[in-house]
Amino acid sequence: MDSMRQAQSSLVPYASDSYIARMLRLSHGAYVQYMTSLLSAFPSRPILQGFHPDRRIFAHTQHPSSASDVSQWVRNPLPTGDIGYLVDYEADDTFGEVIPQDLWHAGGSEGNARRLMDQGVLQPPIFFIRRNGEVGISLIDANAGATSQIVGENSPANLGGKTTKHLCLNWTGYSEYKKQVETQDTHKRPITLGRLIHRVGRHVDSYLQVMHEHFDSQDPFWASYLGYSWRQGPDAGWKNSLVIVGIIHVSQGVWQPVLQVRGWYPSNASR
162 MDSMRQAQSS LVPYASDSYI ARMLRLSHGA YVQYMTSLLS AFPSRPILQG FHPDRRIFAH
222 TQHPSSASDV SQWVRNPLPT GDIGYLVDYE ADDTFGEVIP QDLWHAGGSE GNARRLMDQG
282 VLQPPIFFIR RNGEVGISLI DANAGATSQI VGENSPANLG GKTTKHLCLN WTGYSEYKKQ
342 VETQDTHKRP ITLGRLIHRV GRHVDSYLQV MHEHFDSQDP FWASYLGYSW RQGPDAGWKN
402 SLVIVGIIHV SQGVWQPVLQ VRGWYPSNAS R
């Protein structure tokens, strides 16, 4: 098992500037561990780097016929000439910062989260890809169910087996916010990607309202991390600036949204 896992790890490029690495602030080893858990269903299938359309992407070299979600196929050829299945995207720094989150741990147990990774039960992330090739949808559009710009909006969103899943936001500096959502219709069929995006949007919007009530601009974390212009309750400015990039699987039945803030550049912010 260890030798197989070692071999799989060698198939994972480290992408410190990717959405998943940025969001969870993963070290090289932790990123490889997370991605290796996704590789378990595709033995000896490397993750390759390519461009889609001009941004670096990371994808399995699996054949489209075995992909679970048509919206996640990379239609631009990878270096091998294969069509791949997206597992991560290079974050667009010119757009704004990726919101830092802590990896959700069942029962607060980091060991349990690592065990699930080791068992390879994690599913590939689902990115919300627009028809122009860019990734992400504004919170305003997602919350309104305005998803016509999204590739595969009417395709099934396959999040795995059960009729319900949990969406969890674990925004660094705040308590986790986890809610159950239905991911199958009355006929036990997966809901469409468009409906999933709508539910993710409502979840994020609801979280902002709760977060606004507990926001403390003098909190040591936020005081050092945010520029002056962002030191206000989230509901006052964040709602119009948030973009939902996609969702990532972090535990059995639990997915975390990947968020980015338009025009927020902490590294350049005034103190």
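Per the numbering used here: the sequence shown = residues 162 to 432. Cβ atoms here follow ideal geometry from the backbone N, Cα and C, with glycine treated the same way.
Margin query: Taking 7 Å as the limit between beta carbons, can you name the residues of its chain near residue 168, skipping five residues before and five after?
Written below: For this step, residue 168 is matched to residue 7 along the sequence shown. Below a pLDDT of 50, predicted positions are generally treated as unreliable, and residue 168, at 41, falls in that range; no measurement from the model is reported.
Check: Nearest to residue 191 by CA position, among 254, 335, 258 and 264, is which residue?
Finding: For the purposes of this step, residue 191 is taken as the residue at position 30 of the sequence shown. Considering only 254, 335, 258 and 264, the residue with the shortest C-alpha distance to residue 191 is 264.
Check: According to the neighbour-count rule (16 or more other Cβ atoms, all chains shown, within 10 Å of its Cβ), is residue 412 buried or exposed?
Finding: What you label residue 412 is simply residue 251 of the sequence shown in a count that begins at 1. So residue 412 counts as buried.
Check: With which residues is residue 415 paired in a DSSP beta bridge?
Finding: Counting from one through the sequence shown, the residue named residue 415 turns up at place 254. Bridge partners of residue 415: 327 and 412.
Next item on the list: Taking 8 Å as the threshold, find out whether the region 318-337 comes into contact with the region 247-267 through three or more Cβ pairs.
Entry: Yes, the region 318-337 touches the region 247-267.
Checklist line | Buried or exposed by the 16-neighbour rule on C-beta atoms within 10 Å, applied to residue 308 | finding: Within the sequence shown, numbered from 1, the residue matching residue 308 stands at position 147. Under this definition residue 308 is a buried residue.
Check: With 16 as the cutoff for other CB atoms within 10 Å, does residue 258 come out buried or exposed?
Finding: Translated into the one-based positions of the sequence shown, residue 258 becomes position 97. For residue 258, the number of other beta carbons within 10 angstroms of its own is at least 16, and it is reported as buried.
Note to self: My assumption, with CB atoms under 8 Å, is that residue 407 sits in contact with residue 286. Please give the rounded CB distance.
What the structure shows: As a first step, residue 407 must be located in the sequence shown, where it is residue number 246. As a first step, residue 286 must be located in the sequence shown, where it is residue number 125. Correct: roughly 6 Å between the Cβ atoms.
Note to self: Once the 5 residues before and after residue 365 are set aside, which same chain residues still bring their CB inside 8 Å of it?
What the structure shows: On the sequence shown, position 204 is the one that residue 365 refers to. Excluding sequence neighbours, residue 365 sits near 300, 303, 304, 330, 403, 405, 418 and 420.
Note to self: I need the straight-line Cα distance from residue 342 to residue 255, nearest angstrom please.
What the structure shows: On the sequence shown, residue 342 is found 181 positions in, with the first residue counted as 1. On the sequence shown, residue 255 is found 94 positions in, with the first residue counted as 1. Here the C-alpha atom of residue 342 lies approximately 33 Å from the C-alpha atom of residue 255.
Notebook entry, point to check: When you compare each of 348, 332 and 358 to residue 371 by their alpha carbons, which one comes out closest?
Noted result: One-based indexing of the sequence shown puts residue 371 at position 210. By alpha-carbon distance to residue 371, the top candidate from 348, 332 and 358 is 332.
Notebook entry, point to check: Taking all protein chains shown into account, do 16 or more other C-beta atoms lie within 10 angstroms of the C-beta of residue 347, making it buried, or fewer, making it exposed?
Noted result: Counting from 1 along the sequence shown, the entry for residue 347 is found at position 186. Burial state of residue 347 is exposed, judged by a 10 Å Cβ sphere holding fewer than 16 other Cβ atoms.
Next item on the list: Indicate the three-state DSSP secondary structure (helix, strand or coil) for residue 249 in the structure shown.
Entry: As a working note, residue 249 is residue 88 in the sequence shown. The DSSP-derived three-state label of residue 249 is strand.
Margin query: For residue 338, report the span of its beta strand (DSSP E) as first-last.
Written below: Residue numbering aside, residue 338 sits at position 177 when the sequence shown is read from its first letter. 338-343 is the extent of the beta strand (DSSP E) around residue 338.
Next item on the list: For residue 188, count neighbouring Cβ atoms within 10 angstroms of its own Cβ and tell me buried if that reaches 16, exposed if not.
Entry: Taking the first residue of the sequence shown as position 1, residue 188 is located at position 27. Residue 188 should be labelled exposed.
Note to self: For residue 424, count the other beta carbons within 10 Å of its own beta carbon; 16 or more makes it buried, fewer makes it exposed. Which is it?
What the structure shows: Numbered from 1 along the sequence shown, position 263 holds the residue referred to as residue 424. The residue is exposed, with fewer than 16 neighbouring Cβ atoms inside 10 Å.
Note to self: To the nearest angstrom, how far is the alpha carbon of residue 184 from that of residue 374?
What the structure shows: Along the sequence shown, read from residue 1 onward, the residue named residue 184 stands at position 23. Along the sequence shown, read from residue 1 onward, the residue named residue 374 stands at position 213. If you take the alpha carbons of residue 184 and residue 374, they lie about 23 Å apart.
Margin query: DSSP three-state label for residue 301, please.
Written below: Within the sequence shown, numbered from 1, the residue matching residue 301 stands at position 140. Reduced to three states, the DSSP call for residue 301 is helix.
Checklist line | Where the alpha helix (DSSP H) through residue 181 begins and ends | finding: On the sequence shown, position 20 is the one that residue 181 refers to. Bounds of the alpha helix (DSSP H) holding residue 181 are 180-185.
Item checked: Spatial neighbours of residue 178 in its chain, beta-carbon cut-off 7 Å, leaving aside the 5 residues before and after -> By one-based count along the sequence shown, residue 178 stands at place 17. The beta carbon of residue 178 lies closer than 7 Å to those of 251 and 252 in the same chain, with the five residues before and after it left out.
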